[in-house]
Structure formats: C-alpha cells, structure tokens
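Residues in the sequence shown are numbered from 37 upward in steps of one, following the numbering used here. In this text, a Cβ means the ideal position worked out from N, Cα and C, and glycines have one as well. Because the structure is a prediction, the values reported are computed rather than measured.
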Amino acid sequence: MALGLAALLAACSGDSGEASAPRSLHFTGCEEQTALLVVSPSSLPPLPEGFAYGKPLPGLPLAGIHISGSRCADLDGQGPTQDLLAFALVEPPESLKSEDVTAYGILLGGYTQHASTAAAFAAWGMGEKVQPGTVDWQLSATPVARLGSVSAAGAGSSVTTRINGLGPPIQPGGGLTRAYHFAGDKLVASIDAFYTPQTGMLGLGTAQQQGDGPLPLGFSVATGSHAWDYDLELRNPQRYP
C-alpha cells in the first residue's frame, strides 16, 4: 500500500460539463505529507448498505481519515499544482473489490490551487467537494528527518497539518487505490489513482481545522507520513447504474 493517498477522489454523475471532462489527470514529480486521524464512524456521513468504514486499528470500532497535502512539479504540462484533500477509508462489499486495489475510500473534501484541477473535478460533479483555494507548503528536510506544515484555505474554512518525520527513509512500492462517490444511499461513481514507487518516512504530528471544513473535528493528534519522488495518475471515472 503506497504511503501517498492524497489523490483518492470520486467522480459524480451529472450532465453539466460531462462531455469536456478529462478521462485522466497526470501528475509528475510529486511529494506529499499525510496525517492519519482516528474518529468514531458516527461522526462521518452514513454509507450505503454493504459499505463500512475501514478500521485503521484492528479490533477497535474506529474509522480512519487521511488528510493529504500534495505538491507536484507538473500537471499534464500545465505547471505545478498543490492540493490538500481529506478522505475516509472504507470497505466496499465483496462484489466491488478487486485484487489489484490496495485501498478504498470516499472523499470528504479538499482544496486545490490549480485551475485545471478544480475544473476537472467540477466537470466530474465534484465541485462542491474540491474547492479552489490556497495551499501553502513549508518543509525542512535532511536525509533522516522531514519537518513539514501544509496549510490550505478556501471559502469559509481552512485545514493545517504538521507532520514531523524521522528516518531512515523507506521504499514503499506503487499501488492502485479507488474512491467511491454516493448520491444519498446510492453508489454513483468511482475513480482510480495509480501511484509509482516512492520514497517515504513515517512521522507524528497534528491536524487542525477552522470553519466549516471537511473534517468532523477541530483538532487532533495524528500519526502520519511523508512521501516523495513519485508520479500519480487519476483515471477512468466510472459510473454505476
């Protein structure tokens, strides 16, 4: 399972903009900082029948939230991009599982600083989830430590994560992740995110939200990770009947 899960997103059905929506987005030269929170499933949106929130800690009735701030050198030849996205881990029904998928999730919300990214998500029907905003990166890195802060802000809310990683670096492989999107209690779409192999470092830190943001709590201690030197492709938006 790749450390980087920043771009787990979902696509939603809708007629507006569908014809012009890209089938994939290609991010190159990426790095990210991810904070993992544990929360009560009751604090998250209800799921359709057959789905359950994933348990980050075996045996405990808790759900996991990933808050991933990423920056990439290029997006489809249109220059650098910076994003912060929050999503919850889920377990789909057996009929929807695939052997090559390493993790499943649903998008809770987030912010992007690249106009093309915001436009693509809006065309996929995710305009209310992924909003244009500012994303500020602060990173101090040595061969055995990475001290990072990612702050994102949009209309009426902001999220900041701080993760201090301590080496030695590890080499997680690439992976395929999948996110679902629901309309009420109905599954309507999914999208896949493929990561190339990367370099990573585990860490600890905090996450803080102000205003009406994507998280179910204002402040939390977090485990986390840093990942760098990888590429990412978001692909194949799929609709369900």
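On a Cα-Cα basis, can you pick out the residue from the options that is closest to residue i?
i                : options                           : result
glutamine 274    : Ala225, Leu83, Gln149 and Gly247  : Ala225
glycine 100      : Pro116, Gln118, Leu111 and Ser78  : Ser78
glutamate 85     : Pro128, Gly203 and Thr232         : Pro128
glutamine 245    : Pro205, Gly210 and Gly145         : Gly145
alanine 215      : Pro94, Leu143 and Thr178          : Leu143
aspartate 136    : Tyr231, Gly241 and Ala243         : Tyr231
threonine 153    : Leu96, Cys108 and Ser131          : Cys108
isoleucine 206   : Phe123, Pro116 and Asp265         : Asp265
phenylalanine 87 : Ser176, Met162, Lys222 and His150 : Lys222
glycine 115      : Gln167, Ser256, Gly249 and Thr64  : Thr64
Exposed or buried, what is residue i when buried is set at 16 or more other beta-carbons lying within 10 Å of its beta-carbon?
i             : result
arginine 59   : exposed
glutamine 234 : buried
proline 277   : exposed
valine 119    : Looking at the sequence shown, residue 119 is not valine but aspartate. Flag for aspartate 119 reads buried.
serine 104    : buried
leucine 125   : buried
serine 134    : exposed
threonine 178 : exposed
proline 94    : exposed
leucine 96    : exposed
Consult DSSP for residue i and reduce its assignment to one of helix, strand or coil.
i                 : result
phenylalanine 230 : strand
proline 81        : coil
tyrosine 276      : coil
valine 180        : coil
glycine 65        : strand
alanine 188       : strand
glutamine 174     : strand
arginine 198      : strand
proline 205       : coil
Take residue i and list the residues in its own chain whose beta-carbon comes closer than 7 Å to its own, dropping the five residues that flank it on each side.
i             : result
histidine 262 : Gln69, Arg182, Gly184, Ile199, Gly201, Gly236, Met237 and Gly239
leucine 39    : In this prediction, leucine 39 has a pLDDT of 48, which is less than 50 and means its spatial position is unreliable; nothing more can be read from the coordinates.
proline 252   : Val75, Ser79 and Leu80
proline 82    : none
Just to confirm my understanding: we take residue i, look at its own chain, exclude 5 residues before and 5 after, and list those with CB closer than 8 Å. What are they?
i             : result
glycine 287   : The first residue shown for the chain is 37 and the last is 277, placing residue 287 beyond what the model contains.
leucine 98    : Val74, Val75, Ser76, Pro77, Lys91 and Pro92
alanine 258   : Ala71, Leu72, Leu73, Ile103, Thr197, Ile199, Leu240, Gly241, Thr242 and Ala243
glutamate 130 : none
Only counting the same chain, and skipping five residues up and downstream in sequence, which positions put a Cβ closer than 6 Å to that of residue i?
i             : result
alanine 189   : Gly169 and Thr170
aspartate 112 : His62
valine 180    : Gly203
glutamine 174 : Ser185
serine 187    : Asp172 and Thr196
Runs of 4 residues minimum, wholly inside the region 93 to 164: which ones carry the alpha helix (DSSP H) assignment? Qualifying alpha helix (DSSP H) stretches, in chain order: 151 to 159.
Considering only residues of the region 209 to 259, which uninterrupted beta strand (DSSP E) runs meet the minimum length of 3 residues and lie entirely inside it, listed in chain order? Runs found: 211 to 219, 222 to 231 and 235 to 247.
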